[in-house]
Amino acid sequence: MTTFKVDLASGTMQPLGAAGDYHRGAVVSENGEKAAFNAGNWARRPELQVVAVASGQARVLTESHDKAWDRVNVLRPERFSFKNRHGDTVEGYLFKPKGWKPSDRRPGVVYVYGGPLGNRRTVEVDSFQPTAYMFGMYMAARHGYVMVAVDPRGQSNAGRRFAGANWEQPGQPQTEDLEDLVKHLSRGHGVDPERLGLTGWSFGGFQTQYTMYTKPDLFACGIAGAGPTEWENYNSWYSGRTIGKVDRAKPVLRKHSLLPLAKGLRKPLLLVHGMADPNVLYQDTVNVYRALLESGKESLVDLFLDPEGQHSLGGAVKAKGWHKKYEAFFLQHLGKAR
Numbered sequence: 021m022t023t024f025k026v027d028l029a030s031g032t033m034q035p036l037g038a039a040g041d042y043h044r045g046a047v048v049s050e051n052g053e054k055a056a057f058n059a060g061n062w063a064r065r066p067e068l069q070v071v072a073v074a075s076g077q078a079r080v081l082t083e084s085h086d087k088a089w090d091r092v093n094v095l096r097p098e099r100f101s102f103k104n105r106h107g108d109t110v111e112g113y114l115f116k117p118k119g120w121k122p123s124d125r126r127p128g129v130v131y132v133y134g135g136p137l138g139n140r141r142t143v144e145v146d147s148f149q150p151t152a153y154m155f156g157m158y159m160a161a162r163h164g165y166v167m168v169a170v171d172p173r174g175q176s177n178a179g180r181r182f183a184g185a186n187w188e189q190p191g192q193p194q195t196e197d198l199e200d201l202v203k204h205l206s207r208g209h210g211v212d213p214e215r216l217g218l219t220g221w222s223f224g225g226f227q228t229q230y231t232m233y234t235k236p237d238l239f240a241c242g243i244a245g246a247g248p249t250e251w252e253n254y255n256s257w258y259s260g261r262t263i264g265k266v267d268r269a270k271p272v273l274r275k276h277s278l279l280p281l282a283k284g285l286r287k288p289l290l291l292v293h294g295m296a297d298p299n300v301l302y303q304d305t306v307n308v309y310r311a312l313l314e315s316g317k318e319s320l321v322d323l324f325l326d327p328e329g330q331h332s333l334g335g336a337v338k339a340k341g342w343h344k345k346y347e348a349f350f351l352q353h354l355g356k357a358r
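The opening residue of the sequence shown carries number 21 in this note's numbering; numbering runs sequentially from there.
Structural data, given as C-alpha cells:
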C-alpha cells in the first residue's frame with residue numbers, strides 16, 4: 021500500500037515517501053501540508069515517517085528496531101507471480117538458499133492463508149510474518165529449502181472478484197491455485213514437486229487441511245495451525261463473509277465442515293492448537309482429530325498442543341519452540357536439500 025497525492029483536476033497521482041516502501045496507518049494534517057505513516061520494506065524495517073506533501077520527501081521520526089536484526093537478516097525473498105487456470109494473477113514470494121540453481125530439486129514449504137483478512141495480505145514488502153518470513157528465511161539459510169508464501173484467491177485486499185472467490189465454497193478456489201502454484205514452481209524454481217510441504221494458520225490452518233484432504237497427493241506433508249474445521253463454531257462476522265449467513269438454529273453447515281473430508285488424508289499431517297484459544301475453538305482441532313482417528317489415519321496424524329496457548333499460542337509454547345517443531349517435522353518428511 022502506498023500513499024499518493026492526487027491532482028483532482030487531472031487525476032495525476034504522485035507517490036509520497038521513498039520508492040518501494042509499504043505504508044500503513046496513513047493520516048493527513050488538517051491543512052493538507054503533511055502526511056504521516058509507518059513505512060518500510062524488507063530491506064528497511066518499518067518506522068514512523070512524516071512527509072511534506074508538496075515535495076513528497078519523507079523524514080523518519082523513529083528508530084525502534086533492535087540492531088541485532090541486521091545480524092539475522094541474512095536472506096531476502098523475491099517476489100513472483102503466475103497466472104492461475106482462470107487467468108487471475110496470483111502473487112507470492114520465495115526465499116532461495118545460497119547456491120540455488122533453477123535446475124535444483126530442493127525440498128520446499130508453501131505458506132498459505134487465503135481467507136478474509138481486512139486490508140492485509142501475506143505477500144507485503146514490509147511483512148515479517150513469523151512463519152512465512154522468519155521461519156522461511158531460516159529454513160532456506162539453514163537447510164537449503166525453497167520457502168514460499170502465496171496469496172491465492174479468497175485472500176482479501178485484491179479486488180472483489182478475487183477475494184470473493186471464497187464465497188460459499190471455502191477452500192476450493194485456494195486449492196486450485198495451490199495446484200497451479202506447484203506446477204509453476206516445478207518449472208525453473210529449483211523445487212522438487214514431490215518434496216513440497218504446506219502450512220498455514222487460522223484460515224490457513226483450515227486451508228492446509230482442506231487441501232490435504234481433497235488433493236491428497238499434491239503435498240508431501242502439512243502442518244495446520246488453529247484452523248476452523250466446523251464453521252458453526254466460529255464467529256458470525258467472519259463466517260458471514262466466507263460461507264454466508266450462519267443460522268445456529270439450523271446446523272446445516274456440515275457441507276463446509278472438514279470432518280467428512282478427513283478420510284481423504286494420505287500424507288503426514290501435524291495439527292497445532294492452543295487449548296485456551298478464544299478465537300478458533302480448540303474443539304475444532306479435537307473433533308477433526310477424532311474424525312481422522314475414526315478413519316484409520318492414526319499413522320498419518322499427530323497433535324502439537326499448547327495447554328495455555330491462545331490463538332497465537334504463547335503459553336507453554338513460545339515462537340522458537342513452535343518453529344523448532346515445524347523444523348523437525350519438515351526435515352523428517354521432506355528430507356534435506358541434496
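Glycine is no exception: its CB is placed at the ideal position from the N, C-alpha and C atoms.
The Cβ atoms of Ala282 and Tyr233 lie closer than 8 Å to each other. Look at Pro213 here: in three-state DSSP terms it is strand. Distance from Gly52 to Val73 at the Cβ level is roughly 6 Å; contact confirmed, criterion being Cβ atoms closer than 8 Å. Phe239 is positioned such that its CB atom lies closer than 8 Å to that of Lys287. Of the other Cβ atoms in all chains shown, 16 or more fall within 10 Å of the Cβ of Gln175; this residue is therefore buried. According to the DSSP assignment, Ala183 belongs to the alpha helix (DSSP H) that extends over Arg180 to Ala183.
Comparing alpha carbon positions, the residue from Lys116, Glu347 and Val48 closest to Glu98 is Lys116. The criterion of a C-beta distance shorter than 8 Å is not satisfied by Thr262 and Val132. Non-local C-beta neighbours of Asp237 in its own chain, meaning closer than 7 Å and more than five positions away in sequence, comprise Arg286, ordered along the chain. Residue environment analysis places Asp297 among the buried positions, since at least 16 neighbouring C-beta atoms fall within 10 angstroms of its C-beta. Apart from sequence neighbours up to five positions away, the residues of its chain that approach Asn186 with a beta-carbon distance below 6 Å are Gly174 and Thr262, ordered along the chain. Under the three-pair Cβ rule at 8 Å, the segment 336 to 356 counts as touching the segment 150 to 157. Closest option to Asp197, judged by alpha-carbon separation, among Val211, Arg207, Gly210 and Phe182: Phe182. Under the DSSP assignment, Ala160 falls in the alpha helix (DSSP H) whose first and last residues are Gly156 to His163. Assigned with DSSP and collapsed to three states, Tyr133 falls in coil, not helix or strand. Beta-bridge analysis with DSSP links Tyr42 to Gly60. Proximity to Thr195 across Ser319, Phe226, Trp62 and Thr23 peaks at Phe226, based on C-alpha coordinates. Close CB contacts of Lys235 within its chain, under the 7 Å cut and outside five residues either way in sequence, are with Thr195 and Glu199 (chain order). When the Cα atoms are used, Val48 and Ser222 turn out to be separated by approximately 34 Å.
Rounded to whole angstroms, the gap between the alpha carbons of Val130 and Val170 is 7 Å. For the segment 166 to 254, the full-length alpha helix (DSSP H) segments reaching 4 residues or more read 180 to 183, 192 to 205 and 223 to 234 along the chain.
Rounded to the nearest whole angstrom, the C-alpha separation of His353 and Ala56 is 47 Å.
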